[in-house]
Every structure is written in structure tokens, then in C-alpha cells.
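J.: Numbering (our numbering), first residue to last: 584 to 906.
Don't be surprised by glycine CBs; every beta carbon is placed ideally from N, CA and C.
Predicted, not measured: the structure shown is a model, and the values here were computed from it.
1. Rounded to the nearest angstrom, how far is the Cβ of residue 902 from that of residue 887, given a contact under 8 Å?
2. Can we say the region 767-778 touches the region 869-876, given the rule of at least three CB pairs closer than 8 Å?
3. Comparing the C-beta of residue 781 with each C-beta of chain B, is any distance below 8 Å?
4. Which residues bound the beta strand (DSSP E) around residue 932?
5. Residue 719: which of 823, 795, 672 and 805 sits nearest, CA to CA?
6. Any idea which residues DSSP pairs residue 767 with across the strands?
7. Using the C-alpha atoms, what's the distance from residue 769 back to residue 782?
8. For residue 904, does the three-state DSSP call read helix, strand or coil?
9. My understanding is that residue 786 touches residue 676, with C-beta atoms under 8 Å, so please give their C-beta distance in whole angstroms.
10. Keeping to the same chain, check which residues put their C-beta closer than 6 Å to that of residue 822; ignore five residues upstream and five downstream.
11. Measure the alpha-carbon distance for residue 627 versus residue 708 and round it to whole angstroms.
12. Measuring only the C-alpha atoms, how far is residue 832 from residue 721?
13. Please work out which residues of its chain come closer than 6 Å, Cβ to Cβ, to residue 835, disregarding the five sequence neighbours upstream and downstream, and give them in chain order.
14. In the structure shown, what three-state DSSP assignment does residue 870 receive?
15. Report the partner residues of residue 718 according to the DSSP bridge assignment.
16. In the DSSP output, what is residue 893 paired with across the bridge?
17. Cα-Cα, which of 771, 670, 808 and 726 is closest to residue 651?
18. Could you name the residues that DSSP lists as bridge partners for residue 818?
19. Does the Cβ of residue 883 have 16 or more other Cβ atoms within 10 Å, making it buried, or fewer, making it exposed?
20. Does the count of Cβ pairs from the region 810-825 and the region 711-718 closer than 8 Å reach three?
21. Just the C-alpha distance for residue 881 and residue 854, rounded to the nearest angstrom, thanks.
Here you go:
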């Protein structure tokens with residue numbers, strides 16, 4: 584047998600297992616299987632579809648994309664994809680991002696018009712270009728080139744809501760209720776340490792045209808790293824963008840924190856820097872490469888219900904709150 588140097592050894596399967604034992608971590612062989620974690624009630628059917636795709640032989644990215652397509656395609660979810668509530672001018676603008684923890688590559692689209700599956704367009708930005716983010720008209724033309732069909736995204740119901748808002752002289756910007764919130768965020772592992780993260784949204788209802796929150800920004804709405812784990816966020820994107828929530832959580836996990844501890848530490852940091860943030864609409868989810876999860880929200884007023892699929896069981900759970 585030829586001699587193997589230390590670096591080559593640790594790149595091998597045997598070396599990986601030995602390194603795991605030395606560092607007190609389980610080897611890849613000890614992982615139980617895929618885990619899917621998503622925000623809000625509409626995350627449950629998204630997780631179930633993702634698990635179905637993965638069990639059918641799809642990749643983890645396939646599973647995440649197809650899972651997020653579920654709320655994107657559902658007109659009853661008035662904050663993601665088709666049927667999403669429009670901006671102040673009555674135009675539905677969609678944002679999405681996806682990130683692969685192995686290649687440490689992300690793709691995203693912002694202010695995308697007339698294409699109901701922005702997460703699928705974001706994936707193609709990641710896989711077909713050397714860019715990370717495309718916006719507005721450029722994102723739309725890219726989607727057309729990739730074969731997506733343009734369509735009207737307003738449903739009669741979402742159009743009526745916009746007309747009612749516009750006709751009210753006292754109208755103001757507001758957030759949707761948690762049962763129909765502004766984001767589908769998903770993180771997942773395949774059970775061997777590979778992680779991905781994705782997010783899709785129509786953003787804040789009645790927003791100023793062109794407004795982009797944290798959802799489609801790598802490091803803010805999504806982040807994934809196979810060396811550590813993945814995270815996603817939901818809530819006031821204008822606030823959370825300033826804290827780079829997802830990458831902050833993953834870096835905290837890299838220093839040894841559990842996903843739950845890392846989520847809570849991010850919220851504590853936000854309040855420490857500005858006590859007014861304790862009243863903010865902030866919620867986060869996270870998962871490490873071992874499939875351990877975390878979910879937290881800032882307060883009762885913005886209480887996160889999240890969805891978890893593990894070992895064939897799909898359930899809705901209540902997150903821990905900081906305040």
C-alpha cells in the first residue's frame with residue numbers, strides 16, 4: 584500500500600470518521616437522515632414536498648426548490664409568489680435566494696415581475712451564471728431566456744385588497760398576520776452533513792416600488808456552509824438586513840453554539856445594540872450539519888410558528904421567544 588500523507592488521509596472517508604472521533608463529533612455514518620425546517624404554517628406542505636422530492640432521488644437543492652415552489656404556487660398564500668400582495672403601485676415584486684453549503688455559492692433575484700417561481704430563477708442564477716444577484720428587468724429577461732413563462736401574479740383577491748388599501752385615504756404600510764406572513768424560509772440537510780438554505784417572498788405589502796428586504800440577500804435571508812450549518816430569517820427585512828442575521832447565526836454555531844443558542848444570541852445582540860429592537864418583528868431558524876435545529880422570535884407580538892420534517896414525521900411547532 585502506498586503511504587498516505589496526513590492531508591490526503593483526512594480527505595478520505597476513513598480519515599473523516601477518524602477526525603470526527605478525535606474532535607468528539609459523530610461521523611457521517613451516524614447521521615439519521617434528511618431534515619427540513621421552514622418558517623410559518625405554509626412551511627409544512629413545503630417541507631412535505633421537499634421530503635417527497637428527496638426520497639424520490641432528487642438532490643437536496645431539488646428538494647428545497649420544489650418545496651418552496653409549493654407556497655409560491657398557492658394563491659391562498661398572499662405573501663409569496665402567485666397571489667402575493669403588490670407594492671404601492673399595484674405591482675407584485677418577488678424576491679428569492681438559494682444557497683448551496685458545499686460550493687458556498689448563492690443565487691438570488693430581486694424585484695422580479697410576472698414570474699411566479701423566483702426561487703427557481705434564483706437557482707439558475709447560481710448554476711448558469713457567474714453572478715450572485717439579478718434585479719428587476721434584468722432578472723425578468725434572464726427568466727424568459729431560461730424558459731419561464733410570464734403571467735399576471737395578481738389574483739382577483741389580491742387585486743381587491745390593493746384597491747381597498749389604495750382607496751383608503753388613511754392607508755398605511757402594514758405587515759401581514761403570522762398565518763399569512765411575508766416569507767417562506769427553508770433550511771435542510773441530507774443527513775450526511777450537506778446543508779442548503781432558501782427563501783422566497785413578495786415582501787412587505789404596499790412597499791415602495793423597488794424595495795428589497797433581507798430575504799434575497801446572501802448572509803441576511805439565507806446562508807449555508809457545509810462546515811457548520813444553515814440559517815434563514817423572516818420578519819422586518821429592513822431591520823434584519825442591518826444585522827446580517829443568517830451568516831451571524833452560522834458563525835455563532837461555528838464557535839460551538841447549538842442552533843438554538845445561536846438564534847437566541849442573535850436576538851440578544853440586536854436588543855443590546857438598540858433596545859428598541861425588542862419590539863421588532865424578527866424571527867430566525869437554523870440547523871447545523873448534524874440536523875439539530877433552532878428557532879426563535881423576538882416577542883409575542885411576532886410569534887413564529889415553524890414547520891419541521893424529520894424521520895417521516897411532519898409537524899408544526901412554536902418557537903422560543905426572547906422577550
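T.: Based on what the coordinates show:
1. Rounded, the Cβ-Cβ distance is 4 Å, consistent with contact.
2. Yes, since at least three Cβ pairs between the region 767-778 and the region 869-876 fall closer than 8 Å, the two stretches touch.
3. The structure shown has no chain B; it contains just one protein chain.
4. Residue 932 is absent from the structure shown; the chain starts at 584 and stops at 906.
5. Of the residues 823, 795, 672 and 805, the one whose Cα lies closest to the Cα of residue 719 is 795.
6. DSSP, once it has assigned bridges, lists 783 as partnering residue 767.
7. Going from the Cα of residue 782 to the Cα of residue 769 covers about 6 Å.
8. Reduced to three states, the DSSP call for residue 904 is strand.
9. With 8 Å as the limit, residue 786 and residue 676 qualify as a contact, their Cβ atoms being about 6 Å apart.
10. Contacts found: 863.
11. About 27 Å.
12. Straight through space, the alpha carbons of residue 721 and residue 832 are spaced by roughly 31 Å.
13. Hits under 6 Å: 845 and 848.
14. It is a strand residue.
15. Paired residues: 693.
16. For residue 893, which the question treats as bridged, DSSP gives the partners 618 and 896.
17. The shortest Cα separation from residue 651 among 771, 670, 808 and 726 belongs to 771.
18. Residue 818 is bridged to 865.
19. Its Cβ having fewer than 16 others within 10 Å, residue 883 is exposed.
20. The region 810-825 makes no contact with the region 711-718, as fewer than three CB pairs between them are under 8 Å.
21. Going by the C-alpha atoms only, they are around 9 Å apart.
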